[in-house]
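Residue numbers (full-length UniProt numbering), protein chains in the order written: chain E, 1 to 151; chain Y, 1 to 151. Note that CB positions come from ideal geometry on N, CA and C, so glycine has one too.
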DNA sequence: ATAACATAGTTGACAAAGTCAACTATGTGT
DNA sequence: ACACATAGTTGACTTTGTCAACTATGTTAT
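Shown next, in the form of structure tokens:
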């Protein structure tokens, strides 16, 4: 993979795809959440993130930011906080029924977004795309591991 | 494309890939530009965007924001502004030599980012990924057109 | 020609997304 | 008990935008 054309294609894809996802996210998450908040809720559920610190670490953002958003979620009754019995510094986060319902709404909207993008795609093309995504996801997982080992 | 597994894979890819690109952008653009500024410069060059309005339209952000960033670029001598002779409302933007040099720096960094991600990938896998990106880029172009027709 | 309207860009006020450093409270190792 | 590390909070700040009102210019219809 050294040809200029390939790099140009990849960069074009990167810009276009992130742009598309970004714009769509804004339109789609018309709950009273901002899209970052939706993202945080989603990652919490998908990766069983139960503490401010683990969320901040996972998303590679500052814990101050997460702390404030969690406070907001708490005020909106989307989550509950209980102090960890074995480590009093930790505030374990769990979803309330309202939080879980909101997650389902986000989930449905996200699926619709994907469907919208790929409806016109043929089976054959879809198969190539899915293979590619599988390959890249695996590659990214590996990079992640590398980084963890390195630090 | 209806299986839950496929959607799950796509969504995982979306989250992971945008996350990766986002984090990398922050690390890589260690010019004195913020990453949005780098993005704006890049899109200006790639798409021959010569006015505040066309940049704002292309990137789907507010023109107030672009106006301020262009003002900053001007102060940094990255661009020059000349009033359009045939339409006095327009301020045509052109790059200065300094601006062009900065663009090359960004360009080199971006290419390095791509290379970093794909170095360990086999030729065969790379071929699948490039095919997929080609397909998706085309699909996204089509969606874009659809939107323009619709509006 | 001129009134009515549209478009390009600027500005002020604000909101949203995120960072940094200092702090409190708790836990761990010696 | 002291030193050190970690979890979370808070205040001040920066970055990344948005919105509405404005000026200046251009276009259209009468």
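| Contact set between the segment 55-76 of chain Y and chain E, restricted to residues whose Cβ is under 9 Å from the partner | Residues 59 and 60.
| message | Counting only Cβ-Cβ distances shorter than 7 Å, please list the residues of the segment 78-110 of chain E near chain Y, keeping chain order. | response | Contact annotation: in the segment 78-110 of chain E, residues whose CB is within less than 7 Å of a CB in chain Y are 110.
| Residue ranges of each beta strand (DSSP E) run of no fewer than 3 residues wholly in the UniProt domain "HTH marR-type" (3-138) of chain E, ordered along the chain? | Within the UniProt domain "HTH marR-type" (3-138) of chain E, the complete beta strand (DSSP E) runs of at least 3 residues are 79-83 and 91-95.
| said: Which residues in chain Y have a C-beta closer than 8 Å to the C-beta of residue 52 of chain E? List them in chain order. | reply: The residue given as residue 52 of chain E occupies position 52 in the first chain. Result: empty, since nearest Cβ-Cβ is about 19 Å, beyond 8 Å.
| Along chain Y, in chain order, which residues have C-beta atoms closer than 7 Å to that of residue 10 of chain E? | To locate residue 10 of chain E, count along the first chain from 1; it is residue 10. Chain Y residues near residue 10 of chain E: 114 and 133.
| With residue 79 of chain Y and residue 99 of chain Y assumed to form a contact (beta carbons below 8 Å), what rounded beta-carbon distance in angstroms separates them? | Here the question's residue 79 of chain Y lines up with position 79 in the second chain. Here the question's residue 99 of chain Y lines up with position 99 in the second chain. Between residue 79 of chain Y and residue 99 of chain Y a beta carbon distance of about 5 Å is seen, short of the 8 Å cut, so the two are scored as contacting.
| field | Contacts of residue 38 of chain E in chain Y (Cβ-Cβ under 8 Å) | value | As a first step, residue 38 of chain E must be located in the first chain, where it is residue number 38. Simply none; closest approach about 12 Å.
| query | What does residue 14 of chain Y touch in chain E if you count any residue whose Cβ is under 7 Å from its own? | reply | Counting from one through the second chain, the residue named residue 14 of chain Y turns up at place 14. Under the 7 Å cutoff, chain E gives 21.
| query | When burial is assigned at 16 or more other CB atoms within 10 Å of the CB, is residue 197 of chain Y buried or exposed? | reply | The first residue shown for chain Y is 1 and the last is 151, placing residue 197 of chain Y beyond what the model contains.
| I think residue 46 of chain Y touches residue 55 of chain Y, with their Cβ atoms under 8 Å apart; what is that distance to the nearest whole Å? | Position 46 of the second chain, counted from the first residue, corresponds to residue 46 of chain Y. Position 55 of the second chain, counted from the first residue, corresponds to residue 55 of chain Y. Your pair residue 46 of chain Y and residue 55 of chain Y does not check out as a contact, with CB atoms roughly 11 Å apart and the cut at 8 Å.
| query | Mind checking if residue 49 of chain Y is an interface residue toward chain E, Cβ cutoff 9 Å exclusive? | reply | Looking up residue 49 of chain Y in the second chain gives position 49. No, residue 49 of chain Y does not count as interfacial toward chain E.
| Exposure of residue 125 of chain Y, with buried meaning 16 or more beta-carbon neighbours within 10 Å | Mapped onto the second chain, residue 125 of chain Y falls at position 125. Counting every other CB atom within 10 Å of its CB across the protein chains shown gives residue 125 of chain Y a total of 16 or more, marking it as buried.
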